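Trainee: Top to bottom, those sequences are chains A and B.
Take any residue in the first sequence, note its place counting from 1, add 625, and you have its number in our numbering.
Take any residue in the second sequence, note its place counting from 1, add 2, and you have its number in our numbering.
Glycine included, every Cβ here is placed at the ideal spot set by N, Cα and C.
None of these values were measured; they are calculated from a predicted model.
Sharing a structure below in structure tokens format, with a few things to ask.
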Amino acid sequence: MVEALLDVRNLTKRYGDFHALNDVTMKVEKGSVHGVIGPNGAGKTTFFHCIAGTTPSSDGEIVFEGRNIEGLPQHDRPGLGIGRSFQVNSLFPDLPVIENLRLASQALEPIHGFIFWRAVVHKDIDQRRAESVLHRLGLDGEEQTLVRALSHGQQRLLEVGMALMAQPHLILLDEPTSGMGVDDVPKMINLIKGLREECTILLIEHNIRLVSEVCDTVTVLQAGAVIAQGTPEHISQDEHVKSAYLGEEL
Amino acid sequence: MSTSVPFRVHIAASVIIAAALPFLVPSTVLATEILIFGMAVIGCNLLLGYTGLLSFGQALFFGAGAYIASLTAIHWEIGLIPVLLLTILAGAILAAIVGYLAIRRQGIYFVMLTLAFGQLGYYIAFLAEEITGGEDGLLDVPRPPLELPLLPDMTFANDASFYGLTAVIFVLCFLMMQRLVDSPLGSVLKAIRQNEKRAEAIGYQVRLYKIAVFAFSGAITALAGGLYAMMLNFAPLSNIDIETSEQILFMAVLGGLGSLYGSVIGAGVFLVASDFFSELWPRWMLLLGLFLVVVMMFAPGGLWHGLVVGFERLRGRHKTSTEENDHG
């Protein structure tokens, strides 16, 4: 059996009486691309927030690389190897691309961020790493461009690049193609395909083409609970899923 | 990183500002005041311009600095440097405590908490008459002599020598703060201002950084307050009141946020305008208000930003006109 990188057990998130997540259990295998799908309001983003530590979970365990990280503050999780991108672009718009990436890698050494007696210098960023990330994003030569001047599609790619810069073991991608033009979607698909050699990927996506093309395993959430799990082919045949989610679209 | 201005340019610029100022404004005392408030405004700019924290409690640090420097100078004969170091340290600790408590709330509630701490400080200073002199303030604040090894003691009895002292401290502070905003810490502060959520998500413990920037802001603001008391030979209660907070904030916004030069220009223009209008008419505050409204309407990003834009426009026009000449 392949080792599980992330093992989520009975994860529950309550807002008052409302269960945004109800007893969610799933394993993400090391080296896999794992998709989470489900209709709007199924709890996908809440699930991500709990794993990234953005919102605390109410109950259950989140075991990452054999360690229960439930309750650990958000800012400590990137250092363990969990990187994330956001559904809505969430970058530092008035800083250059390279500075965004540098901030992401600097965050792994919290002490470094308190250096106040000298200017930021060239060696403060792993140049080779930054260049390889930029190359993967197709943003070569855009180092000094302000993020606000990038196209929406480029910003989507940089969202992933921010997580990548920290050399994560697990990368959480929250709807990586959301708002992307049709022409840009293949770029994202290629980027994700290229990432799997380096890290495990957990992604939320509405784009069925992307899910069936890149995912090894898919988990379907509905109303905060897991209703199906399996390969994309298996999922597309599942009756529950058809009625709950794909039925709307087919 | 690679686009930043070389440090030697900042050294030259700050030295030129300090050297030229007494010749640009009507009196040495006014020049001293501008550099002192320039430092206090830099403290405010660190919070608001770089980190996005709007503090209505800056007078608490300014006033506390004035009292600490005055009390130590009056009661202990320890020389200038220990007095100022104690003032800086006290300002940093006080601001770290205020920051630690105030940043537990966000947005408007944070602003109200800084205001509340400021008012709390005011009433404590008002009531603790035995220590602070209450409404009368602390009188006869001395200017302690500067004792350096191998050199004769220096005293600062006249306006020119006190200006010299202030100018040296100003240049050192300005350069340290410029270093800070260009440093790795400064980069995190800018990131927090632009997108606090993401800063936390990529692994920065935002709260600690906010407390740190409060400490720096408190340190430089208290130092300014201490120097101000020495300049006046007097620590009035008004140093710690809400109006001082407002003035510091106003100078920061007037000059332009996110640039230390903006802070100095903001302090300079505000104080020179006050000085000018107060001689014209007893109701000069009205004129000052009107003047500030006009400036803010035509340079909404602050004077520094307006200057930069204007300069670039001039340069652009110059460039196109030379190009046209070339073609002609």
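Exposed or buried, which one is E326/B when buried takes at least 16 other CB atoms within 10 Å?
Mentor: Since pLDDT at E326/B reaches only 48, below the 50 mark, its modelled position is unreliable, and the value read off the structure follows with that caveat. Exposed.
Trainee: Along the region 693–718 of chain A, what residues have a CB closer than 7 Å to any CB found in chain B?
Mentor: Flagged, chain order: Q699, H700, P703, G704, R709, S715, L716, F717, P718.
Trainee: For L726/A, does the count of other Cβ atoms within 10 angstroms reach 16, so buried, or fall short, so exposed?
Mentor: L726/A comes out buried.
Trainee: Check distances from the C-beta atoms of the region 735–748 of chain A to those of chain B and list, in chain order, the residues that come in under 9 Å.
Mentor: Flagged, chain order: P735, H737, G738, F739, I740, F741, W742, R743, A744, V745, V746, H747.
Trainee: Any Cβ of chain A within less than 9 Å of the Cβ of R200/B?
Mentor: Yes, R200/B lies at the interface with chain A (some Cβ there is under 9 Å from its Cβ).
Trainee: Could you please give me the residues that DSSP links to N693/A through a beta bridge?
Mentor: DSSP lists V688/A as partners of N693/A.
Trainee: Kindly indicate the opening and closing residues of the beta strand (DSSP E) around F643/A.
Mentor: Its beta strand (DSSP E) spans residues 643–654.
Trainee: Please state the DSSP three-state secondary structure of N635/A.
Mentor: N635/A: strand per DSSP, three-state reduction.
Trainee: Taking G763/A and L789/A to be in contact with their CB atoms under 8 Å, please state how far apart those CB atoms are, rounded to whole angstroms.
Mentor: Between L789/A and G763/A the Cβ distance is about 13 Å, and since that is not below 8 Å, they are no contact.
Trainee: Between which two residues does the alpha helix (DSSP H) containing T842/A stretch?
Mentor: From DSSP, T842/A is part of no alpha helix (DSSP H) but of the beta strand (DSSP E) over 842–847.
Trainee: Is the beta carbon of G257/B less than 9 Å from the beta carbon of L305/B?
Mentor: Closer than 9 Å, so yes.
Trainee: Whether or not the region 686–702 of chain A and the region 854–867 of chain A are in contact is what I'm after, with contact meaning three or more pairs of Cβ atoms, one per stretch, closer than 8 Å; do they touch?
Mentor: No, the region 854–867 of chain A does not touch the region 686–702 of chain A.
Trainee: Where I133/B and L117/B are concerned, what is the direct C-alpha to C-alpha distance, given to the nearest angstrom?
Mentor: Spanning the two alpha carbons is a distance of roughly 23 Å.
Trainee: Kindly give me the distance between the Cβ atoms of A20/B and L48/B, rounded to whole angstroms, as I take these residues to be in contact under 8 Å.
Mentor: About 20 Å; that fails the 8 Å criterion.
Trainee: Any idea if M114/B is buried or exposed, counting beta-carbon neighbours within 10 angstroms, 16 or more meaning buried?
Mentor: Counting Cβ neighbours within 10 Å, M114/B comes out exposed, since fewer than 16 surround it.
Trainee: According to the Cβ coordinates, are L846/A and A732/A closer than 9 Å?
Mentor: Result no, Cβ atoms of L846/A and A732/A do not sit closer than 9 Å.
Trainee: Among N714/A, Y640/A, H865/A, Q792/A, which residue has its Cα nearest to the Cα of G706/A?
Mentor: Closest option to G706/A, Cα to Cα, is Q792/A.
Trainee: Within 9 Å (strictly less), CB to CB, does E882/A reach chain B?
Mentor: No answer is possible for residue 882/A: the residues shown for chain A start at 626 and end at 875.
Trainee: For E690/A, decide whether its Cβ has a neighbour in chain B, counting only Cβ atoms nearer than 9 Å.
Mentor: So, not an interface residue.
Trainee: Sort L82/B, F63/B, L103/B, H77/B by Cα distance to A92/B and report the nearest one.
Mentor: Nearest of L82/B, F63/B, L103/B, H77/B to A92/B, Cα basis: F63/B.
Trainee: Please look up how many angstroms separate the CB atoms of A71/B and V85/B, rounded, as I've assumed it's under 8 Å.
Mentor: Right, the Cβ-Cβ distance comes to about 6 Å (below 8 Å), so this counts as a contact.
Trainee: Which complete alpha helix (DSSP H) runs does the region 760–811 of chain A hold, if anything under 4 residues is left out?
Mentor: List check, alpha helix (DSSP H) in window: 777–790.
Trainee: For E95/B, which residues from the same chain have a beta carbon less than 6 Å from its beta carbon, with the 5 sequence-adjacent residues on both sides left out?
Mentor: The displayed chain sequence assigns Ile, not Glu, to residue 95/B. Closer than 6 Å at Cβ, skipping near neighbours: no residue.
Trainee: If you drop the 5 nearest sequence neighbours on each side, which residues of the same chain put their C-beta closer than 6 Å to that of H307/B?
Mentor: Cβ within range, chain order: G258.
Trainee: At a Cβ cut of 9 Å, what residues of the region 298–315 of chain B count as close to chain A, listed as they run along the chain?
Mentor: So nothing in the stretch comes that close.
Trainee: From the DSSP secondary-structure annotation, give me the bridge partner or partners of T825/A.
Mentor: L795/A, per the DSSP bridge assignment.
Trainee: Give, in chain order, every residue of the region 42–55 of chain B whose Cβ lies closer than 7 Å to some Cβ of chain A.
Mentor: From the region 42–55 of chain B, no residue has a Cβ closer than 7 Å to chain A.
Trainee: Got a sec, what are the start and stop residues for the alpha helix (DSSP H) H747/A sits in?
Mentor: Here H747/A belongs to no alpha helix (DSSP H), and DSSP marks it neither H nor E.
Trainee: Quick check: is the beta carbon of L798/A nearer than 9 Å to any beta carbon in chain B?
Mentor: With 9 Å as the cut-off, L798/A does not count as an interface residue toward chain B.
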